[in-house]
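Engineer:
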């Protein structure tokens with residue numbers, strides 16, 4: 246059941262006294278799509294964060310990745326398609342010469358060789374900094390997500406989390 250934009254949940258209407266820019270965190274750590282999953286996991290631990298926007302080498306926002314994505318990836322074996330993609334990426338025209346043992350070795354090293362791009366969610370839900378905070382929180386409820394990336398004139402400038410909204414509600 247979705248949350249109507251006009252009918253905010255009880256309490257959330259208090260947040261419409263604020264703009265997203267008033268509640269968001271401007272400190273934004275980004276992950277790069279070419280990082281290995283292993284490097285991403287270390288990044289999450291080092292910065293004590295649970296998710297990050299993913300950018301390409303040109304700084305274009307291309308997705309979002311979370312600890313859940315890492316756990317999901319680490320808890321399963323890579324598919325044959327993923328292994329074939331890795332083999333093509335790293336071995337090129339020499340991939341046909343790989344032995345079964347070398348393919349097994351690739352599978353074991355998947356977290357070091359698979360990239361963020363292969364586990365991220367490519368759809369990014371964002372909100373303008375000038376939007377009312379209540380509407381942004383209603384969007385999070387409707388979409389069942391924990392964060393919205395904040396933009397200003399199309400440029401990524403911050404993040405608004407469910408915790409930011411809750412913090413303001415209990416002040």
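Residue numbers (this note's numbering): 246 to 416. Quick reminder that beta carbons are idealized off the backbone N, C-alpha and C, glycines included. The model shown is predicted, which means the values in this text are computed figures rather than measured ones.
(1) From residue 315 to residue 290, what distance separates their C-alpha atoms?
(2) For residue 309, report the span of its beta strand (DSSP E) as first-last.
(3) What does a CB cutoff of less than 6 Å around residue 318 pick up in its chain, not counting 5 residues either side in sequence?
(4) Once you ignore the five residues that flank residue 378 on each side, which residues in its own chain have a CB closer than 6 Å to its CB?
(5) Cα-Cα, which of 396, 380, 399 is closest to residue 410?
(6) Determine the direct distance from the alpha carbon of residue 358 to that of residue 277, and round the result to whole angstroms.
(7) For residue 332, which of helix, strand or coil comes out of DSSP?
(8) Taking only the alpha-carbon atoms, compute the straight-line gap between residue 394 and residue 284 and give it to the nearest angstrom.
(9) Evaluate residue 311 with the Cβ neighbour count: other Cβ atoms within 10 Å of its Cβ, from every protein chain shown; 16 or more gives buried, anything less gives exposed.
(10) Name the DSSP bridge partner or partners of residue 281?
(11) Please return the same chain residues whose Cβ sits closer than 7 Å to the Cβ of residue 406, not counting the five positions on each side in sequence.
Structural biologist: Well, looking at it:
(1) So the two alpha carbons sit approximately 12 Å from each other.
(2) 306 to 311
(3) 282, 364
(4) 260, 263, 265, 268
(5) 380
(6) 14 Å
(7) helix
(8) Computed Cα separation, rounded: 22 Å.
(9) buried
(10) 360
(11) Within the same chain, residue 406 has close Cβ partners 391, 392.
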